[in-house]
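Everything below concerns the one structure shown next.
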Amino acid sequence: MNSSSAPPLAPRTLAFQAEERNVFFHILTACNLACRHCYINPAQHGRATLPEATVAKWLALFTRPDRRANLILLGGEPTLHPGLPAIVKTARALGYQSVTVDTNGYLHHDFLSRITPEEAVLSFSLDGPSAEVNDPLRGPGVFAVCTAGLARAVTAGFEVSVIYTVSAANIEHLHRMPALLKSLGVQHFFIQVIGLRGHSAETGRAPLQVGHRQWLDTVPQVAREAARLGLHVIYPKVFLDPDEPFLCAGQAAENFFIFPNGRVYRCPLCEDYPLHALQIEAGRLTPRPGLTEQGLFTLSIPEGCVMNQLLQPGGIEYLPDGRPRHRISCCLLKQELNPPQPNPSHAA
Ligand code: SF4
Ligand code: SF4
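Structure follows, in C-alpha cells:
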C-alpha cells in the first residue's frame, strides 16, 4: 500500500497517568550555550551545581514502591555535571524505570563512553533542520556539533530523540525535520511549543509565540509525515477540541520539576515565580504554606489553563458572545502518533 492510499494517521491524546510519576530534575543551571528562548532562570533557581551525593538523596525523595517513576535529567546542560554518569546509575539503582538525559548535544566529560544504552535515553535539542535555522536560535556552530553528537549516540546504540521547540522563528522549517531525523536514525520526535518562561517571556524581545491557525495548519501535518517515515511523535495538544474536557496536570498527574535551589514545582508555567508547591529543605520534601501554584490548579475558567491566561491575557481570541474561541489545554497534555503498522491483508 502506498502512502496516498493509506488511511490518515490519527493522533491519540495521552491521558494523564495518576499512578505514574515524572520527575524533571535540573541538576544545575549552568550551560555552555545561550539560546534565544532558554527558559532557565537563575534569578529564581540559583546557579548551583548540585553535588552528586545531594542529587542521590533528592532522587530518593521522589520514588514510591507503588508508582512507576520516569526521570528526566536536565540543566542548564546536564552533561556539564562531571557526576552525570554516576547519577544515571544511581537513579537506576533507586528504581527509576526510565532515565532520559536532555542535552544540547555537546556531551561534555566524554559522557557517551561512560554510560550504556541500557541505562539512559538521550534527547537532543535541535531547533532547525539546518545551521541557517538552528544556529541563530541556539548559537554559531551548534547545529554541526549537535547532529555530530547525535550521530555518535546512534552509532553507539543509544535510543535517541530530538526535541524541536516550535516558535515564530522556526515553524516554517518544521516540515523539513522528519526527513532529517529519519536520515540520522532518530527514533522519537518531540515537538514542543515555545514557552511563556525565561527569555521568551521577556518584554522587548521579538514575540516568538505561534498563533492558533499556524499551529494547527503546520504541526499535526508534520507529525503525521514523521510517523509515516517511521518515527514515534509526541506533540502538545495546546488547543482543546470543543467536546474535550479540560484537566490540569497539577490535579490529575504527578509531575515534579526540581531545581538546584530546592524549589519543586508541579506546573512548569509557574517556574518564573516563587509559587512552587514544595521545597526541599534539610533533605526533606515539604509542602509550602501560603499562596502557591497549588491554589491555582482548582480554579475553573472558560479559557482553560489559568496560568496561560495569567501569563498572556491577550493571547486568546473571543467570539462575539464573549466565549473564548478556543480553550487552552494544560501545557503537559500531549498527543502521540506511532508509525503505521503493516496491514496483514496486504502481505504477500
Ligand atoms: S542548551 Fe538549554 S539550558 Fe542551555 S542555553 Fe540552550 S535552552 Fe538554555
Ligand atoms: S499548565 Fe495550566 S493546566 Fe497545566 S499544570 Fe499548569 S496551571 Fe495546571
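All you need for our numbering is the position in the sequence shown, starting with 1, plus 21.
Where a beta carbon is used, it is the ideal one built from N, C-alpha and C, also for glycine.
Exercise for the section: Just jot down, in chain order, the residues whose CB lies closer than 5 Å to any heavy atom of ligand 2. Expected result: 269, 270, 271, 288, 290, 326, 328, 351 and 352
Exercise for the section: Can you tell me the Cβ-Cβ gap for residue 51 and residue 70, rounded? I've got them flagged as a contact below 8 Å. Expected result: 6 Å
Exercise for the section: Count the other CB atoms, across all protein chains shown, that sit within 10 Å of the CB of residue 264; report buried if there are 16 or more and exposed otherwise. Expected result: exposed
Handout entry: DSSP three-state assignment for residue 207, whether helix, strand or coil
Key = coil
Handout entry: C-beta atoms of residue 14 and residue 66 nearer than 9 Å
Key = In the structure as shown, the chain starts at 22 and stops at 369, and residue 14 therefore has no counterpart that could be examined.
Problem - Proximity to residue 345 [Cα-Cα], best of 353, 361, 351 and 335 - result: 335
Exercise for the section: Give the straight-line distance between the Cα atoms of residue 358 and residue 107, rounded to the nearest whole angstrom. Expected result: 33 Å
Problem - Same chain, Cβ closer than 6 Å to residue 244, neighbours up to 5 away in sequence not counted - result: 254, 256 and 358
Handout entry: Pair within 9 Å by beta-carbon distance, residue 171 and residue 195
Key = no
Handout entry: Neighbour-count burial assignment, residue 29, 16 or more Cβ in a 10 Å radius
Key = exposed
Exercise for the section: Using beta-carbon positions only, say whether residue 287 and residue 276 come within less than 9 Å of one another. Expected result: yes
Practice task
May I ask whether a heavy atom of ligand 1 can be found less than 8 Å away from the beta carbon of residue 68?
Solution key: no
Exercise for the section: List the endpoints of the continuous alpha helix (DSSP H) containing residue 90. Expected result: Premise fails: residue 90 lies in the beta strand (DSSP E), 89–95, not in any alpha helix (DSSP H).
Problem - For residue 155 and residue 12, believed in contact at Cβ under 8 Å, the rounded distance - result: This structure leaves residue 12 out entirely; the chain is present only between 22 and 369.
Handout entry: N- and C-terminal bounds of the beta strand (DSSP E) containing residue 41
Key = 41–47
Exercise for the section: With a threshold of 16 other CB atoms inside 10 Å of the CB of residue 339, please say whether the residue is buried or exposed. Expected result: exposed
Handout entry: According to DSSP, residues forming a beta bridge with residue 305
Key = 302
Exercise for the section: To the nearest angstrom, report how far apart residue 85 and residue 161 are at their CA atoms. Expected result: 43 Å
Exercise for the section: Name the two residues that bound the continuous beta strand (DSSP E) containing residue 143. Expected result: 142–146
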